[in-house]
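Colleague: First the structure, then my questions, so here it is.
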Amino acid sequence: MTVPTTLVPEDPQHSTLEQSENAIELKEVEGLSQGRIVLRRFVRHRGAMVAAIVLTLIILLATTSIGWGPIPGWWPHTPQALNDVVNAGGKPTMGFDGGFQVGPHPFGQDNIGRDGFARVMRGTQQSLLIMAIIGLLATTIGIVVGALAGFLRGWIDNLLMRFTDMVITIPVIMVGAILGARFGKAGPVLLGTMLALVTWTTMARLVRGEFMSLREREFVDAARVAGASNSRIMFKHMLPNAMGVIIVNATLLMASAILLETALSYLGFGITAPDVSLGQLINEYQSAFATRPWLFWWPGLFIVSIALCVNFIGDGLRDAFDPRQRRIPSKRKMAKA
Amino acid sequence: MATHVTTRAEVQSATTPPTSAPGLSQRLRSAAPMLSFIARRLLSSAVVLIGATFIVYMLLQLSLDPLEDLKTSTAPNKEALIEARTRLLDLDTPWPLRYLGWLGGAAGCVVGQCDLGASWVTNQSVLALLSTAIPSTMKLITASTLLAIVLGIAVGIASALRQYTGFDYGVTFLSFVLYSLPSFWVAVLLKQWGAIGFNDFLRDPTYSPVATIGLAVLAGLIWMALVGGDRRRRAITFVVATAATGALLAYLSLTQWFLAPSLGIVGVAVTGAAIAFAVSTLASSPGNRRALYASLTTAAVGVALYYPLQYAFVNATALLVAGLALVAVGVGLLVGYLFGGADRAQSMRSAAIVGLGVGLLIFVDRVMRVWPAYSNASRINGRPIATIGSQTPNLQGDFWVGSLDTFTHLLLPTIALILISFASYTRYSRASLLEVMNQDYIRTARAKGLSERTVTMRHAFRNALIPLATIVPLDIAALFGGAIITERIFAWSGMGTLFLTGLHNRDADPIMGYFIVVGTMLVLANIVVVFVYAALDPRIRVNA
Chain A
1 MTVPTTLVPE
11 DPQHSTLEQS
21 ENAIELKEVE
31 GLSQGRIVLR
41 RFVRHRGAMV
51 AAIVLTLIIL
61 LATTSIGWGP
71 IPGWWPHTPQ
81 ALNDVVNAGG
91 KPTMGFDGGF
101 QVGPHPFGQD
111 NIGRDGFARV
121 MRGTQQSLLI
131 MAIIGLLATT
141 IGIVVGALAG
151 FLRGWIDNLL
161 MRFTDMVITI
171 PVIMVGAILG
181 ARFGKAGPVL
191 LGTMLALVTW
201 TTMARLVRGE
211 FMSLREREFV
221 DAARVAGASN
231 SRIMFKHMLP
241 NAMGVIIVNA
251 TLLMASAILL
261 ETALSYLGFG
271 ITAPDVSLGQ
281 LINEYQSAFA
291 TRPWLFWWPG
301 LFIVSIALCV
311 NFIGDGLRDA
321 FDPRQRRIPS
331 KRKMAKA
Chain B
1 MATHVTTRAE
11 VQSATTPPTS
21 APGLSQRLRS
31 AAPMLSFIAR
41 RLLSSAVVLI
51 GATFIVYMLL
61 QLSLDPLEDL
71 KTSTAPNKEA
81 LIEARTRLLD
91 LDTPWPLRYL
101 GWLGGAAGCV
111 VGQCDLGASW
121 VTNQSVLALL
131 STAIPSTMKL
141 ITASTLLAIV
151 LGIAVGIASA
161 LRQYTGFDYG
171 VTFLSFVLYS
181 LPSFWVAVLL
191 KQWGAIGFND
201 FLRDPTYSPV
211 ATIGLAVLAG
221 LIWMALVGGD
231 RRRRAITFVV
241 ATAATGALLA
251 YLSLTQWFLA
261 PSLGIVGVAV
271 TGAAIAFAVS
281 TLASSPGNRR
291 ALYASLTTAA
301 VGVALYYPLQ
311 YAFVNATALL
321 VAGLALVAVG
331 VGLLVGYLFG
341 GADRAQSMRS
351 AAIVGLGVGL
361 LIFVDRVMRV
371 WPAYSNASRI
381 NGRPIATIGS
391 QTPNLQGDFW
401 VGSLDTFTHL
411 LLPTIALILI
421 SFASYTRYSR
431 ASLLEVMNQD
441 YIRTARAKGL
451 SERTVTMRHA
461 FRNALIPLAT
471 IVPLDIAALF
481 GGAIITERIF
491 AWSGMGTLFL
501 TGLHNRDADP
511 IMGYFIVVGT
521 MLVLANIVVV
531 FVYAALDPRI
541 RVNA
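The listed protein sequences correspond, in order, to chains A and B. If you use UniProt numbering, the first sequence corresponds to residues 1 to 337, in order. If you use UniProt numbering, the second sequence corresponds to residues 1 to 544, in order.
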């Protein structure tokens, strides 16, 4: 593996540093499969690991607390039930009142006594669900379109790419709002599916580029000589090699998907009341900011946390998949090498 | 490989062999394939755009039902109402045919006979709607785009030059957070704190010593991380920056500066000198003292004109101010030319930038001076930072009051828009500069003994801007239609509002009008990108 070297005049130790870094790189990947190497690099990315743990905790909290579908959760309140207002004005019961305490309504209540925590959890569920649907479906569409265009080339490539160009010309927030105006009321699954139908374009372009360069490689010729069919070459031989690009961009796609969904719900063209999503909560409670700011704080914090975690995971994955990335080895590792 | 990019804005076709200095005849010969390339590119873009309008039209027909309110209506003449609206909107014709009718009208725009339809709810023609919405949106996005680009690139470059330091990690983390912020959430927070909070603060514009010290230490830490160096240098930076910031904040608080802000001639002189030093350091080679002298002279000329200009400003108009800005640049160019030196272009460039900067300072100072009058006007009533709209209705005042009114309305949406796009510019410019700094020609430049500043500014920085030049046009085009959420929250009646109102009213024609503008901008931006890239990077050739 070659690492591009830079000459820094102020630092005579630099070239030896480069060499030892090379040595470390080579030593640590000896005899490991590609997947293992990637996993190792990812685990070592501190930001990404913290993000992965936080995201897992958020998912667990959102799904177990108020339950998922028919499965009941451990939280006593439901998003829609009207409870008695505990604190004056529905103030959060969580806080430091002679020691930390959670209380019956940790995220507060709204003006008619609905439990803030249950509503935020329900919103998180919906937003995560839509994010996952968009991520999976848009990635799949993008892979299929990009793989066909990049592998078959010719008129199919032309046709698919002009179509991609057309879809890419339409701003996502615009087409999302138009579709959301129709399908938002029909629930998160249909909304997510519809949004996936317009967000696959970047993935298709990237996969196409990757496939165009991969199909010139020797292993593809070898597979063809061995008698493999087109679909086998595409999905068994080339796709695994393009996986790095795909996974990284699927993550980034999901980060923008949650922001898209919450923005649409905020505008009133996504999930609408009485159903709950994080963006819809902010829309519903923005006028109450002066009197009940907690109703506004928590959904926003959850959106930011989820998007931030997904972005960090994407960054970690990119570093893990891209061998050109340079890292500074710790002093201890330098001493060992 | 070229040490740095030629700025010759000429795209050579692949058919002409590249030469070091193409003669006129060669340029003419290369013009023909060039034209055919442009023609084909425009044609295919037009096809893509028409296809996209078809998709949007189809989606609108599927999503919006203009009869929705009537179907659930309880009016006794329900049938007749439905009948009337069906006739009005021609709903009995299949939508593909109606699309062709719309396309025919839109195609008229090419020959100057635009017919984009009309809103059936308000009866206004789409052209009229667009002609008020487009200038309004441009007003909103111009300042924020420029500021986001400049700030984003500056911070990204600084972060790349301090790779793997606390500053770099801080900037990286910040840009990730900004990436993840939902713009509607930020905008509501800005309204609450930026406007209402600041307006409350203005009632008694003093702050506690604790706040002063806290802010000063924060500023000191940022400067320390930014300047870097060894321990002693960092300590000195920290102390100086903290003391300077603390003194400035204390001065602002004690003199109640926020009630009657102004820079004054002293402020203009000090800031102008700082700009002169900064610009000549960044934009000229280290040995070029002439550039510094030219910049300082230009700043001095500006300061000398401070009082005479106040008379010229009495009956100012936008045209006069724009003219004065041009004069400022001209003065800078002239001073730079007169100083000359080894590299005359450098001196002229530095001095022109300084001239513009000092001119801007004097303008800002003049706008600040109407602050007390503006703030106490009956329409404003001591709460100058606006949360909605683009101007205060029925505000009496001259050009300066009007300008200040525009600025106070632009402030919050601009901050919101900057926060959104700042992060991506930072990330791009950081990655781009790091990539360039690893190139062989940077090593060559260092090896031939150039100073680190010259290597960074003249060899690395310019090349690092190339990838950015391809992103900026697309971003501007996207912002054109993409400020939907920001416009909604700040009640700014531009393109985004046009779209949302149309969608809310189930009114297809305004939405199509909105899309034809945004789509055309995007398609044109794509063409611009190809040419900018080919013009800036001689390694890339446009395939004719």
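Just so it is clear, CB atoms sit at the ideal spot from N, CA and C, and this is done for glycine as well.
#1: Identify which residue in B/Ala477, B/Phe184 and B/Val268 has its Cα closest to the Cα of glutamate 487 of chain B.
#2: Can you tell me the Cβ-Cβ gap for aspartate 165 of chain A and valine 370 of chain B, rounded? I've got them flagged as a contact below 8 Å.
#3: Between serine 350 of chain B and tryptophan 492 of chain B, is the Cβ-Cβ spacing less than 8 Å?
#4: Would leucine 281 of chain A pass as a contact of valine 120 of chain A if the rule is Cβ separation under 8 Å?
#5: On the DSSP bridge list, what partners appear for glutamine 34 of chain A?
#6: Taking just the CA atoms, how far does glutamate 83 of chain B sit from lysine 71 of chain B?
#7: At the 8 Å Cβ level, is isoleucine 484 of chain B part of the contact set with chain A, yes or no?
#8: To which residues of the same chain is alanine 52 of chain B closer than 7 Å at the C-beta, ignoring the five residues directly before and after it?
#9: List, in chain order, every chain B residue whose beta-carbon is nearer than 8 Å to that of valine 304 of chain A.
#10: Below 8 Å, how does it come out for the segment 329–337 of chain B and the segment 360–378 of chain B: are there three or more Cβ pairs, yes or no?
#11: Just the C-alpha distance for aspartate 69 of chain B and leucine 500 of chain B, rounded to the nearest angstrom, thanks.
#12: Less than 8 Å separating the beta-carbons of leucine 468 of chain B and isoleucine 157 of chain B?
#13: Give me the chain A residues within the contact set of alanine 52 of chain B, using Cβ-Cβ distance strictly less than 7 Å, ordered along the chain.
#14: Taking only three categories from DSSP, how would you classify isoleucine 170 of chain A?
#15: Put leucine 524 of chain B into one of helix, strand or coil per three-state DSSP.
#16: From A/Leu259, A/Phe302, A/Phe296 and A/Val248, pick the residue whose C-alpha is nearest to that of leucine 318 of chain A; which is it?
#17: Is there a C-beta anywhere in chain B that falls below 8 Å from the one on arginine 41 of chain A?
#18: Under 8 Å between C-beta atoms, does isoleucine 134 of chain A make it to chain B?
#19: Tell me whether the segment 198–218 of chain A and the segment 147–155 of chain A touch, counting them as touching only if at least three CB pairs, one residue from each stretch, are closer than 8 Å.
#20: If we ignore side chains and look at the alpha-carbon of each, how far apart do glycine 502 of chain B and alanine 300 of chain B end up?
#21: Counting beta carbon pairs with one atom in the segment 241–259 of chain A and one in the segment 153–164 of chain A, are three or more of them shorter than 8 Å?
#22: Which chain A residues sit within Cβ distance under 8 Å of residue 547 of chain B?
#23: Taking DSSP as the reference, what is the three-state secondary structure of phenylalanine 313 of chain B?
#24: State yes or no: is the C-beta of leucine 291 of chain A within less than 8 Å of the C-beta of glycine 89 of chain A?
#25: Can you list the residues of chain B that arginine 182 of chain A reaches, using a CB-CB cut of under 9 Å?
#26: Quick one: Cα of arginine 27 of chain B to Cα of phenylalanine 269 of chain A, how far?
#27: Thinking isoleucine 213 of chain B and glycine 246 of chain B are a contact (beta carbons under 8 Å), I'd like their distance in whole angstroms, please.
#28: Spatial neighbours of threonine 2 of chain A within its chain, please: CB distance less than 7 Å, with the 5 preceding and 5 following residues excluded, ordered by chain position.
#29: Starting from leucine 338 of chain B, trace the alpha helix (DSSP H) both ways and give me its first and last residue.
#30: Where does isoleucine 388 of chain B land, buried or exposed, given buried means 16+ other C-beta within 10 angstroms?
#31: In this structure, does DSSP put threonine 3 of chain B in helix, strand or coil?
#32: With distances taken Cα to Cα, identify the nearest neighbour of threonine 172 of chain B among A/Ala257, A/Leu308 and A/Val220.
#33: How would you label methionine 58 of chain B, buried or exposed, when you count the other beta carbons within 10 angstroms and need 16 or more for buried?
#34: I believe phenylalanine 312 of chain A touches alanine 62 of chain A by the beta-carbon criterion, under 8 Å. Please report the beta-carbon distance rounded to the nearest angstrom.
#35: Rounded to the nearest angstrom, what separates valine 279 of chain B and serine 347 of chain B at their Cα positions?
#36: Checking contacts by CB at 8 Å: is leucine 404 of chain B closer than that to chain A?
Modeller: Per the coordinate set shown:
#1: B/Phe184
#2: In fact, because the Cβ distance is near 50 Å, the residues do not count as touching under 8 Å.
#3: no
#4: yes
#5: Note: glutamine 34 of chain A sits in no beta bridge, so no partner.
#6: 11 Å
#7: yes
#8: Gly519
#9: Val177, Ser180, Leu181, Pro182 and Trp185
#10: no
#11: 18 Å
#12: no
#13: Met166, Thr169 and Ile170
#14: coil
#15: helix
#16: Correcting the residue identity first, residue 318 of chain A is arginine in this sequence and not leucine. Out of A/Leu259, A/Phe302, A/Phe296 and A/Val248, A/Val248 has the C-alpha closest to the C-alpha of arginine 318 of chain A.
#17: no
#18: no
#19: yes
#20: 54 Å
#21: no
#22: No statement about residue 547 of chain B is possible, as the shown extent of chain B runs from 1 to 544 and does not include it.
#23: coil
#24: Contrary to the premise, residue 291 of chain A reads as threonine rather than leucine in this sequence. The answer is yes: Cβ separation under 8 Å.
#25: Leu59, Leu62, Ser63, Leu64 and Asp65
#26: Annotation note: pLDDT 48 at arginine 27 of chain B (below 50); position unreliable, coordinate value reported separately. If you take the alpha carbons of arginine 27 of chain B and phenylalanine 269 of chain A, they lie about 53 Å apart.
#27: 7 Å
#28: Unreliable positioning characterises threonine 2 of chain A in this predicted model, as indicated by a pLDDT of 41, which lies under 50. The coordinate reading is nonetheless provided below. Cβ within range, chain order: n/a, list empty.
#29: 318–339
#30: exposed
#31: Reliability fails at threonine 3 of chain B, whose pLDDT of 36 lies under 50, so the model's placement of it is uncertain and the value that follows must be treated cautiously. Threonine 3 of chain B falls in the coil class under three-state DSSP.
#32: A/Leu308
#33: exposed
#34: No, phenylalanine 312 of chain A and alanine 62 of chain A are not in contact; Cβ-Cβ is about 19 Å, not under 8 Å.
#35: 10 Å
#36: no
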